[in-house]
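4 protein chains.
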Amino acid sequence: MGLKGGPTQDEVMAVSLFKLRINEGDVMADIGCGTGKISIQASERCSRVYAIDRRAEAVEYAKKAIETAEKNNITLIHGEAGNVLDDIDELNCAFVGGSGNIETVLEKLAEIVRGRIVVNAVLLDTVSRTVRTMKELGIFVEALHIQVSRSHELVGDIMFQPINPVYIIVGEVKQ
Amino acid sequence: MGLKGGPTQDEVMAVSLFKLRINEGDVMADIGCGTGKISIQASERCSRVYAIDRRAEAVEYAKKAIETAEKNNITLIHGEAGNVLDDIDELNCAFVGGSGNIETVLEKLAEIVRGRIVVNAVLLDTVSRTVRTMKELGIFVEALHIQVSRSHELVGDIMFQPINPVYIIVGEVKQ
Amino acid sequence: MGLKGGPTQDEVMAVSLFKLRINEGDVMADIGCGTGKISIQASERCSRVYAIDRRAEAVEYAKKAIETAEKNNITLIHGEAGNVLDDIDELNCAFVGGSGNIETVLEKLAEIVRGRIVVNAVLLDTVSRTVRTMKELGIFVEALHIQVSRSHELVGDIMFQPINPVYIIVGEVKQ
Amino acid sequence: MGLKGGPTQDEVMAVSLFKLRINEGDVMADIGCGTGKISIQASERCSRVYAIDRRAEAVEYAKKAIETAEKNNITLIHGEAGNVLDDIDELNCAFVGGSGNIETVLEKLAEIVRGRIVVNAVLLDTVSRTVRTMKELGIFVEALHIQVSRSHELVGDIMFQPINPVYIIVGEVKQ
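Protein chains in written order, with the numbering used here: chain W, 1 to 175; chain Z, 1 to 175; chain X, 1 to 175; chain E, 1 to 175.
This is the structure we're talking about:
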């Protein structure tokens, strides 16, 4: 969910990237890239990452993060994913961390991606619509509900405090 | 965990009281009564509730809450549960929401309770020690891990935000 | 979800009944009553419970359970909730554990209930539709996601095994 | 927990490997390697993985899995981790999926690892002892509780079914 909800939490990112099944040299799109965290991590294995966000402040933020991380294989694009994707011919995988119109984005991704599409969502209706659209497109694989709690020190012992649960919805376009 | 951690959350209270299997007219102890929330709820069915806390500020807080709720069958006691329990002959059930020395409290409760003992804990080592002590006393029934998330409105949709997970450890002294 | 999914788990029932805010003497409907477990538990406080299920095998099962529990204040009705509710003038609360058409049922309940309506759901789309319908009817209070794990003995220690997570959606019709 | 509990679930593996912070070329130990799943995955980045298990049937199973995966940089060792580790001079990281004596293993790992140590545990007392031992050794970083539910198709909709929650305990020996 980008800047608004802060960067994707490490554990959710780890599971999301695992489900993306990125191969060495893959070309990926990161839609609603927010802080750029996912793009930067994915760029370790990808040959090219298109980091897309329609919010100027996200692009500004991601720009600095990408520079700091010294990543040269991330193309940062300011714009609506629906429009930006028209200019991309082919992708090996795509991560959607935030999007204005999930249906439109998924339809376009289904055309140009040959591989996995992973959506992170926290809004109930978005989860429901993502699953429905993926099913209609014939690309639905599975949905996950991830609940992580982290230890915090308290009086010499530890207790667990939860981070927000996230739904990870996985699709796949067969090659 | 009393005042420090705030009152027991509704959902955790509902499960804890269900597991206590309170019968109409039962006599119960609420150890580490904190705000008095559990005592007040339990007093609907119990004939008498002993609400015990060693912290003066908890007793002060619970006193007002009990008065506001107009409950006459709650005996509020300021003191260490280990000592206070020496003066109680018999209980039908006991809830432990917080305690300095869980082993001592459980040993005393095992002697005077004839029925269920339910402990709420969030500290890992306390959970482990509670289970171990209940097993040594031959009263362990089960432990539960409860994770509740509640809806919050966001951009016309809802998302779920978690409350702290709680361990509910259940013991039973056979009659 | 009735017989198909087995009876409502104790912890989910405890939270659901707590959220129903049943007062002594209330009249309640239990829609998709399945095994009758919720009806039997609620009948302790209610003056009358209408237990409704469209499945003959559920009604048969619930009939025996109600007889065994010796409850005289449960009216068991075999039929579609949408139709059955037409014959009921007023309810203080309603629990929906399963339903063919959640929108129709909620619309009818919104007319005759003066108090809480609690829906248990496990299907994603049903959750989404329940929240949306309650919002349209102006009766939505909150949705909960409940994840309970129970201890199991293993090599002298305990581990936790989860039961299926359940969404509890709460509505309220103001008096 | 090796063969007994089946292979580590994908999502738990993804988080565990992320927390290990494996760098290209690292040397790692996989203690209680079970089916070899973690070793095979980690061998993608590591220069060498020592896969250790004291159970003959685990070693047999892992042997075949490693051969099928055509991994040449995994050294499979049948023996008690406590003894086997005596023969290893230095490790960049270690994963413990199962172990007879977690205290002994952690003490030895604290000596030879320069980097992350990640333990997966499901037994309550093992979690508690792992945290305590890591704290005593001054290497405790954090503990996580991971609860994953996966979608299953039901009557044209999806519901979520949980896999067993796992504790991931993370330690780090500073270089």
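From the three backbone atoms N, C-alpha and C, an ideal C-beta is built for every residue, glycine too.
Within-8 Å CB hit, residue i to chain X
i: E/Thr126; result: yes
i: W/Gln147; result: yes
i: E/Val119; result: no
i: E/Leu106; result: no
i: W/Pro162; result: no
Any chain W beta carbon closer than 8 Å to residue i
i: E/Val166; result: no
i: X/Ala14; result: no
i: Z/Gln9; result: no
i: E/Leu144; result: yes
i: E/Ile158; result: yes
i: Z/Leu91; result: no
i: Z/Leu85; result: no
i: Z/Leu109; result: no
i: Z/Leu137; result: no
Sheet register partners of residue i (DSSP bridge)
i: Z/Pro162; result: Z/Ser149
i: W/Asn120; result: W/Ile168
i: X/Asp157; result: X/Leu154
i: W/Cys93; result: W/Met28
i: Z/Tyr50; result: Z/Ala29 and Z/Thr75
i: X/Ala143; result: X/Ile169
i: W/Val113; result: W/Leu91
Nearest-angstrom beta carbon gap, residue j and residue i [assumed within contact, 8 Å]
i: E/Met159; j: X/Leu154; result: In fact, because the Cβ distance is near 27 Å, the residues do not count as touching under 8 Å.
i: E/Asn164; j: E/Val127; result: So it is not a contact: roughly 13 Å between Cβ atoms.
i: Z/Asp30; j: Z/Val59; result: Rounded, the Cβ-Cβ distance is 12 Å, inconsistent with contact.
i: E/Ala81; j: E/Val105; result: 5 Å
i: X/Ile112; j: X/Leu85; result: 7 Å
i: W/Ser16; j: W/Asn120; result: 6 Å
Closer than 8 Å to chain E by CB, residue i
i: Z/Val131; result: yes
i: W/Ser151; result: yes
i: X/Val122; result: yes
i: Z/Leu20; result: no
Chain Z within 8 Å of residue i, Cβ atoms only
i: E/Met1; result: Legend: pLDDT at E/Met1 = 39, less than 50; position of this residue unreliable, no value from coordinates given.
i: X/Phe95; result: no
i: W/Leu154; result: yes
i: W/Lys63; result: no
Beta-carbon gap between residue i and residue j smaller than 8 Å
i: X/Leu74; j: X/Ser47; result: It should be pointed out that residue 74 of chain X corresponds to Ile in this sequence rather than to Leu. For X/Ile74 and X/Ser47, no; Cβs fall outside 8 Å.
i: Z/Met13; j: Z/Leu91; result: no
i: W/Leu144; j: E/Arg45; result: no
i: X/Ala184; j: X/Cys93; result: The structure shown does not extend to residue 184 of chain X, since chain X spans only 1 to 175, so no value can be given for it.
i: E/Arg114; j: E/Lys19; result: no
i: X/Ile22; j: X/Ile52; result: no
i: X/Arg54; j: X/Gly25; result: no
i: W/Gln9; j: W/Val148; result: yes
i: X/Arg129; j: X/Glu103; result: yes
i: X/Glu260; j: Z/Ile146; result: The question about residue 260 of chain X has no answer here: the residues shown for chain X are numbered 1 through 175.
i: W/Ile88; j: W/Ala110; result: no
i: X/Pro162; j: E/Pro7; result: no
Interface flag, residue i vs chain A, CB-CB below 8 Å
i: W/Asp157; result: Any reference to chain A falls outside this structure, whose protein chains are W, Z, X and E.
Next item on the list: Count the C-beta pairs between the segment 122-140 of chain X and the segment 159-171 of chain X that are closer than 8 Å, then say yes if the count reaches three, no if not.
Entry: yes
Note to self: Using 8 Å as the cut-off, can you tell me whether the segment 25-44 of chain E makes contact with the segment 83-101 of chain E, which would need three or more C-beta pairs spanning the two stretches below that distance?
What the structure shows: Contact between the segment 25-44 of chain E and the segment 83-101 of chain E is present, with at least three C-beta pairs closer than 8 Å.
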